[in-house]
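**Q** After the structure tokens below, expect a handful of questions from me.
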Amino acid sequence: MPDFIIMRHGEAHPPGVDPERGLTGVGREAAVRTAERLAADGVRVDRTLHSGKKRAAETAEILHRRIGNGGEPEVLAGLRPGDAVEGAILEMQKSAVGLAVVGHLPHLGRMIARLLGGDGEPTLRTAEAVHLRRTGDTWKTIRVYPPE
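To convert, take the position in the sequence shown, counting from 1, and add 363; that gives my numbering.
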């Protein structure tokens with residue numbers, strides 16, 4: 364069964380320090396720790412998708428280097444914070460291979476709630492990942508990977 368990972372980007376610089384909001388050293392280290400825990404548990408993905416924002420792209424690169432099966436992370440339109448979740452959910456639902464999605468709140472919380480059929484919107488801490496599995500149309504949480 365393929366693995367599906369939803370991960371929030373690592374801590375980013377404030378706009379006054381870095382207008383593109385790349386990862387801080389702390390954010391990079393936290394993303395590495397989360398990715399290494401996923402790898403240690405044998406989680407593998409064939410594709411890693413991100414929003415295109417610098418902090419998500421950097422986090423996706425860290426994650427994919429540790430759990431990816433080759434290739435490079437890809438930008439997926441519709442993963443920005445205020446975007447509707449339907450496009451990203453459709454990408455996950457149609458995937459027959461392991462897939463990681465790296466993005467932002469509140470978007471990721473809405474995706475998780477919709478996939479799991481819940482009412483609330485889970486909040487992910489920076490560099491936190493949720494491991495999901497799908498059986499038919501049913502999704503379930505395998506484990507949550509906090510950065511510490």
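Virtual Cβ for every residue (Gly too), placed ideally from N, Cα, C.
Taking A490 and P510 to be in contact with their CB atoms under 8 Å, please state how far apart those CB atoms are, rounded to whole angstroms.
**A** Numbered from 1 along the sequence shown, position 127 holds the residue referred to as residue 490. Numbered from 1 along the sequence shown, position 147 holds the residue referred to as residue 510. Right, the Cβ-Cβ distance comes to about 4 Å (below 8 Å), so this counts as a contact.
**Q** How is the alpha helix (DSSP H) around H427 delimited, first residue to last?
**A** Start at 1 with the first residue of the sequence shown, and residue 427 comes out as number 64. Note, H427: alpha helix (DSSP H), 417-430.
**Q** Just the C-alpha distance for G431 and G415, rounded to the nearest angstrom, thanks.
**A** The sequence position of residue 431 within the sequence shown is 68, counting from 1. The sequence position of residue 415 within the sequence shown is 52, counting from 1. Whole-angstrom Cα-Cα distance: 18 Å.
**Q** Could you compute how far the alpha carbon of V380 sits from the alpha carbon of A492?
**A** Looking up residue 380 in the sequence shown gives position 17. Looking up residue 492 in the sequence shown gives position 129. Using only the alpha carbons, I get a separation of about 26 Å.
**Q** Do P365 and A459 have their C-beta atoms closer together than 8 Å?
**A** Position 2 of the sequence shown holds residue 365. Position 96 of the sequence shown holds residue 459. In this structure, A459 lies closer than 8 Å to P365 by Cβ.
**Q** Count the other CB atoms, across all protein chains shown, that sit within 10 Å of the CB of L453; report buried if there are 16 or more and exposed otherwise.
**A** Indexing the sequence shown from 1 puts residue 453 at position 90. L453 comes out exposed.
**Q** Would you kindly report the start and end of the unbroken alpha helix (DSSP H) that includes T397?
**A** If you number the sequence shown from 1, residue 397 lands on position 34. 388-403 is the span of the alpha helix (DSSP H), which, as asked, contains T397.
**Q** In this structure, does DSSP put R477 in helix, strand or coil?
**A** Your numbering for residue 477 matches position 114 in the sequence shown. If DSSP states are grouped into helix, strand and coil, R477 belongs with the helices.
**Q** Please classify M364: does DSSP put it in a helix, a strand, or coil?
**A** Residue 364 sits at position 1 when you count from the first residue of the sequence shown. Coil.
**Q** Check the C-beta distance from R371 over to G466 and give it rounded, since I have them as a contact under 8 Å.
**A** Locating residue 371 in the sequence shown gives position 8, where the first residue counts as 1. Locating residue 466 in the sequence shown gives position 103, where the first residue counts as 1. R371 to G466, Cβ: 7 Å. Contact.
**Q** Excluding the 5 residues flanking E424 on each side, which residues of the same chain have their C-beta closer than 7 Å to its C-beta?
**A** Taking the first residue of the sequence shown as position 1, residue 424 is located at position 61. Cβ neighbours of E424 beyond the five flanking positions: P436.
**Q** Have a look at R443, G483, L412, E421 and flag the residue whose alpha-carbon is nearest the alpha-carbon of L389.
**A** Within the sequence shown, residue 389 is the residue found at index 26, counting from 1. Reading off the sequence shown, one finds Val at residue 389, where the question assumed Leu. Checked all of R443, G483, L412, E421; the closest Cα to V389 is E421.
**Q** Apart from the five residues on each side of it in sequence, which residues of its chain come closer than 8 Å, Cβ to Cβ, to A451?
**A** Sequence index remark: in the sequence shown, residue 451 carries index 88 (1-based). Within the same chain, A451 has close Cβ partners L412, L439, G441, L442, V464, G466, H470, M474.
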